[in-house]
Amino acid sequence: MSADLPIETDTRALLDRMGVDPALYTGGNMVSFSPVTGTQIASLPEDTPLTTGAAMGRAAQAFAAWRMVPAPRRGELVRLMGEELRAAKDDLGRLVSIEAGKSPSEGAGEVQEMIDICDFAVGLSRQLYGLTIATERPGHRMMETWHPLGVVGIITAFNFPVAPWAWNSTLALVCGDPVVWKPSEKTPLTALACNAILARAIARFGDAPEGLSQVLIGGPEVGAALVDDPRAALISATGSTAMGRIVGPRVAARFGRSILELGGNNAGIVCPSADLDMALRAVAFGAMGTAGQRCTTMRRLFVHDDIYDAFVPGLVKAYGSVSVGNPLTTNALVGPLVDESAWSGMQSALAEARAAGGTIHGGERVDVTGPQSFYARPALVEMPAQTGPVFRETFAPILYVMRYSDLDDAIAQHNDVGGGLSSSIFTRDLQDMETFLSASGSDCGIANVNIGTSGAEIGGAFGGEKETGGGRESGSDAWKSYMRRATNTINYSKDLPLAQGVTFDIS
Ligand code: UN1
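My numbering numbers the first residue of the sequence shown as 23 and each following residue consecutively.
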């Protein structure tokens, strides 16, 4: 594949190779742009609330069949999906770079996350364990059974256009649930590619029901139809806190289940005992990687007074020298912002920070592919205090750096924001580390030591507290959200003893 192929031709060749029908991305009303060049790459026919309802009908039918397939057999489908993803890794990774602007390594890394969760889910398909519970009644046995839940609606964001779908769909499929996916309007092509890859696995699998995995292309109207559909037993939504404030109550109003993975305002703390070289590299990746467009991006940094002057100038230097460039033709570490509104959001946050007394390093626009794309040098802002824009998540590469002198105070400030996703401490001091990880330490769903806030592995439960929404996806026991639990009590005696010693003698 030539690096200087026009981006539209490149995109078309990738989609062809991954088996996507051109009718799905040509001649429609939904125009899709690449942030790499800011130019149009496709125009997709859109779904409507009506076609969404039809998709849900097909999914509900698929559920009736799929829930009866033994879980290890369902795992076989996900095993095949992992094989297909391995074969398509380069193509899908490059398409992620085209649609989301990620560096080649991060595009490939996102596909690797999908492969990893396939492996995890295959193992899980033989481990959907329930407990056997001691009963208080003689001649009885009590146990719990996990059953498939129903159709899972998946809503994803542009910044991780494929991995969160895989976290959800692989678990849903082994748990016995069909999936209906509404990707971000900014990244519909990667979704079509994923569905085509899964379709290949389904064809090899042989006897999967129709409608097991579907994609809906469209905007908020389509999303709302999915969210409100009573056949969607679970809605798993990744995106902004503003989106979650709409989705959460709507799903709750119909007593549906939801997993919300929303914004964060992730921070790190650099303690006096930290390995400063290591901390610098971890902060650089956490804050500048993916052009600051991860939900786990490090956005705030508290640096101890004693090492501030030894640490921060080196970080400022890294901000000044990090490569910003075209992810399709170079190995630049920082690619484009997704669009103009991301750029203007970044600029207004920086203006507010300056007005609040911040000293800004970087943050200027970089001309890489012309005026239609938006590349920015990441910005490091030395703030006199946690104030103004520091309190909110701006989805761009801005790191606010603040001094601290007392760890308890730093932890209090660390926790004094809406988001509760990811956090890090850099230290070689056992007391600092354990304090940060304790019940009165970081209040986030992810709390790390001597690594950054981003780049979590799939084996752990992924998600966070407070305005991050409370959902957990991916590893650990996140699968339980995709199943319903039945508690079964079996009486194998000839008597009918009642629990709690209650008597009800009718003879
Ligand atoms: C996201 O930005 O929505 O931990 C997900 C990470 C990745 C996932 C990010 N594994 O940074």
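Note that CB positions come from ideal geometry on N, CA and C, so glycine has one too.
Just so it is clear, the structure is predicted and the values come from calculations on it, not from any experiment.
| Query | Result |
| --- | --- |
| What are the partner residues of ALA401, as DSSP defines its beta bridges? | GLY384, ILE420 |
| From which residue to which residue does the alpha helix (DSSP H) around ILE239 run? | Counting along the chain, ILE239 falls outside any alpha helix (DSSP H), and DSSP gives it neither H nor E. |
| Do ALA93 and LEU171 count as a contact pair if the criterion is CB distance below 8 Å? | no |
| What are the start and end residues of each continuous beta strand (DSSP E) run of 3 or more residues lying completely inside the region 155-243, in chain order? | 162-170, 173-177, 201-204, 235-237 |
| Of the residues ALA110, ARG159, ILE447, which one's Cα is nearest the Cα of MET300? | ILE447 |
| Judging by CA-CA distance, which residue of ALA109, ASP438, VAL118 is the nearest neighbour of GLY131? | VAL118 |
| Tell me whether the beta-carbon of GLY410 lies closer than 8 Å to the beta-carbon of GLU489. | no |
| At what residues does the beta strand (DSSP E) containing GLY89 begin and finish? | One point to set straight first is that residue 89 is Arg, not Gly, in the sequence displayed. Run containing ARG89: none; DSSP gives neither H nor E here. |
| Less than 7 Å separating the Cβ of THR318 from some heavy atom of the ligand UN1? | yes |
| Is SER476 near the ligand UN1, with its Cβ less than 7 Å from a heavy atom? | yes |
| Pull the bridge partners of ALA483 from the DSSP assignment, please. | SER496 |
| For ALA194, I'd like the list of residues in its chain whose CB is within less than 7 Å of its CB, leaving aside the five on either flank, ordered along the chain. | VAL174, VAL201, TYR504 |
| Within 8 Å of any Cβ in chain D, is that where the Cβ of TRP189 sits? | Chain labels in this structure do not include chain D; a single protein chain is all it has. |
| Could you round the C-beta distance between ILE512 and HIS162 to whole angstroms and report it? I think they count as a contact, below 8 Å. | 7 Å |
| Given 7 Å as the limit, tell me if PHE182 has its C-beta closer than that to any heavy atom belonging to the ligand UN1. | yes |
| With DSSP as the reference, label GLY523 as helix, strand or coil. | helix |
| Determine the burial state of ALA64: buried for a count of at least 16 other Cβ atoms within 10 Å of its Cβ, exposed for fewer. | buried |
| Using DSSP with H/G/I as helix, E/B as strand and the rest coil, what is VAL390? | coil |
| Hey, would you say the C-beta of ALA378 is under 7 Å away from at least one heavy atom of the ligand UN1? | no |
| For GLY129 versus PHE307, is the C-beta spacing smaller than 8 Å? | no |
| Looking at C-alpha atoms only, which residue of TRP501, LEU518, THR525, ALA508 is the closest neighbour of ARG148? | TRP501 |
| Is the beta carbon of PRO205 within less than 7 Å of some heavy atom of the ligand MN? | This structure does not include the ligand MN; its bound ligands are the ligand UN1. |
| With DSSP as the reference, label ILE473 as helix, strand or coil. | coil |
| Would DSSP call GLY342 helix, strand or coil? | helix |
| Quick check: does the Cβ of PRO419 come within less than 7 Å of any heavy atom belonging to the ligand UN1? | no |
| If LEU302 and PHE333 are in contact, beta carbons under 8 Å, what's the gap, nearest whole angstrom? | 7 Å |
| Please classify SER24: is it buried, with 16 or more other beta-carbons within 10 angstroms of its beta-carbon, or exposed? | Caution applies to SER24, whose pLDDT of 46 falls short of 50 and renders its modelled position unreliable; the value that the coordinates give is listed next. Exposed, by the Cβ-count rule. |
| Within a Cβ cutoff of 6 Å, which residues of the same chain sit near TYR514, ignoring the five residues on either side of it in sequence? | GLY161 |
| Whose CA, out of ASP112, ILE137, VAL100, ALA77, lies closest to the CA of GLY233? | ALA77 |
| Note the first and the last residue of the continuous alpha helix (DSSP H) segment covering ALA304. | 298-310 |
| Using 10 angstroms around the beta-carbon of PHE180, count the other beta-carbons present and answer buried if the total reaches 16, otherwise exposed. | buried |
| Which of helix, strand or coil does DSSP assign to THR351? | coil |
| Three-state secondary structure (DSSP) at ASN510? | strand |
| Would you mind stating whether SER427 and HIS326 have Cβ atoms separated by less than 8 Å? | yes |
| If we call anything under 8 Å between Cβ atoms a contact, is THR192 one with ILE257? | no |
| Look up MET23 in the DSSP assignment and say whether it is helix, strand or coil. | Note that MET23 scores a pLDDT of 42, beneath 50, so its modelled location is shaky and nothing firm can be said. |
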